[in-house]
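Undergrad: Take a look at this one; I'll ask things after.
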Amino acid sequence: MQSATLAFLTLGLTHFAFACTAQQNPVAMPETDPYVLFDLRDNFVWNLTHYQILDPDETMVETLITEADQGQMVFDMVLRDTVPPYCELRFDPTICDDRGSPVNWFSDLPQTICMDIPANVSFSHAEQLKGAKFLCLEPREKLLLPESWQNQQTGAQTYLSQRIEPGAVTVRDDIATIDILVLDAINTPLATLSPEGYGDAKIGMTEDQVRTAMVEPMTSTRDGTENNACYHLQSAGGPTGLGFMMLDEKLARVSVYADEYDIATSLIRTGHNIQVGDTIDDVRAAYGDNLIDEEHEYEGPDGRYLTWWANDAKTSGIRFETGPDGAVTAMHAGTGSITLLESCY
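Counting from 1, position 284 in the sequence shown corresponds to residue 284 in the numbering used here; the numbering is continuous, with no gaps.
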């Protein structure tokens, strides 16, 4: 399964500028810019005076240190609006009196992020790190977090893509610090996909209710005819592979289709932590023996439909489509409409 802490990707898409007012002004980024992506939804905690990545990926730390003071880089993060305390994820009775309360991102200015330095990185950068055990990233100003988080339910997620200019590594005591200047960023709201819907957009809602729940403007395939009983909505702000099927005036299905050009799409997860790109084995491990396994209509015997029903009546569930390589290419959640092979048919 894809790492829940970090994915290190080759930059193969255009990044954009961002303003907290949600205006988006395209700014082309050179494909040679160094790039890291943190997924901070599961292995990221509040630790007294800073945020902390538990068990950081060696490649990520290596890249941050190597690219320090070398010019601009792309520094992307997947975030929740609240962060659990250290003692909740790694309870130690010698230092934890209780598990504490989650902390809101907006309560810490600036948002210092720290992590252990893996042994191999310490060895390869011994002269630069001077025996430091921890690496801290210190934004010179507040990160460009989305203001909409303040009005979202607890646990709201976002994909924040930032262009930054990292400073040089400075070492004091056993802490190595890299100052970060955020030049611009864009955020794409994310949510969890489940048989009940996608985040605040719930199965059974009307189009107006879905639009209100999604906040961002949405486009529609409806042509205005009275007999147009099935049509689709898509958020204009992305993720691009996310679609909403309206059937008989109600939201019936939410689908996620793999999009190699859109990182945000690949970051949408189900309640069992499955996302496009995961394997058949990942799906089976997450959903157990209740999966219905069928041959894919168009991919042949090597492609599969894996369907999990949330009730015995089979009126609510999730279906995963996999390609010949065994990777998930699409996920559909909602009513029995998840079994429709060609969208509305």
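Cβ coordinates follow ideal geometry from the N, Cα and C atoms, glycine included. These numbers come from a predicted model, not from an experiment.
Decide yes or no for the touch test of the stretch 144-163 against the stretch 75-82: beta carbon pairs closer than 8 Å, at least 3 of them.
TA: Yes, they touch.
Undergrad: Hey, which unbroken runs of the beta strand (DSSP E) at 3 residues or more fall wholly within the stretch 315-342?
TA: Entirely contained in the stretch 315-342, the beta strand (DSSP E) runs reaching 3 residues are, in chain order, 317-322, 328-334.
Undergrad: Return helix, strand or coil for residue 120, following the three-state DSSP convention.
TA: Correct three-state label for residue 120: helix.
Undergrad: Whether or not the stretch 105-114 and the stretch 57-71 are in contact is what I'm after, with contact meaning three or more pairs of Cβ atoms, one per stretch, closer than 8 Å; do they touch?
TA: At 8 Å Cβ cutoff, the stretches do not touch.
Undergrad: So what does DSSP say about residue 37, is it helix, strand or coil?
TA: Three-state result, residue 37: strand.
Undergrad: CB-CB under 6 Å to residue 341, same chain, minus the five flanking residues each way: which ones, in chain order?
TA: Within the same chain, residue 341 has close Cβ partners 297.
Undergrad: Determine the extent of the alpha helix (DSSP H) in which residue 231 is found, giving its start and end residues.
TA: From DSSP, residue 231 is part of no alpha helix (DSSP H) but of the beta strand (DSSP E) over 230-235.
Undergrad: Over the uninterrupted beta strand (DSSP E) stretch that includes residue 302, give me the two end residues.
TA: Here the beta strand (DSSP E) through residue 302 covers 300-309.
Undergrad: Under 8 Å, do residue 316 and residue 195 count as touching if we go by C-beta distance?
TA: Result yes, Cβ atoms of residue 316 and residue 195 sit closer than 8 Å.
Undergrad: Do residue 201 and residue 334 count as a contact pair if the criterion is CB distance below 8 Å?
TA: Taking 8 Å as the Cβ cut-off, residue 334 and residue 201 do not qualify as a contacting pair.
Undergrad: Taking the straight line between their C-alpha atoms, what separation do you get for residue 306 and residue 256?
TA: Computed Cα separation, rounded: 15 Å.
Undergrad: What would DSSP say about residue 154, mapped onto helix, strand or coil?
TA: Residue 154 falls in the coil class under three-state DSSP.
Undergrad: Give every residue of the same chain whose Cβ lies closer than 7 Å to the Cβ of residue 286, excluding the five residues on either side of it in the sequence, and list them in chain order.
TA: Only 272, 273, 274 meet the Cβ criterion.
Undergrad: For residue 329, collect the residues of the same chain with a Cβ closer than 6 Å to its Cβ; drop the 5 residues on either side in sequence, then sort them by chain order.
TA: Cβ within range, chain order: 258, 321, 323.
Undergrad: My output table needs one value for residue 87: the three-state DSSP class, helix, strand or coil.
TA: It is helical.
Undergrad: Please confirm whether residue 65 and residue 182 have their CB atoms less than 8 Å apart.
TA: No; because the gap between Cβ atoms is not below 8 Å, this pair is not in contact.
Undergrad: Let me know the secondary structure DSSP gives residue 286 once reduced to three states.
TA: Residue 286 falls in the helix class under three-state DSSP.
Undergrad: Following the continuous alpha helix (DSSP H) through residue 66, name the residue where it begins and the one where it ends.
TA: 58-67 is the extent of the alpha helix (DSSP H) around residue 66.
Undergrad: For residue 280 and residue 327, I'd like the C-alpha separation in whole angstroms.
TA: Each residue's Cα considered, the two are about 6 Å apart.
Undergrad: Check whether the stretch 176-191 touches the stretch 82-89, counting contact only when three or more Cβ pairs, one atom from each stretch, lie closer than 8 Å.
TA: Not touching, per the Cβ criterion.
Undergrad: Note down, one range per segment and in chain order, each beta strand (DSSP E) of at least 3 residues found wholly within the stretch 176-254.
TA: 192-194, 218-220, 230-235, 242-247, all fully within the stretch 176-254.
Undergrad: From residue 339 to residue 123, what distance separates their C-alpha atoms?
TA: Cα to Cα, the separation comes out at about 53 Å.
Undergrad: Give the C-beta separation of residue 149 and residue 103 to the nearest angstrom, bearing in mind that I take them to be a contact with Cβ-Cβ under 8 Å.
TA: The Cβ separation is near 13 Å, so there is no contact.
Undergrad: Could you check what DSSP says for residue 268 in three-state terms: helix, strand or coil?
TA: Residue state, collapsed to three classes: coil.
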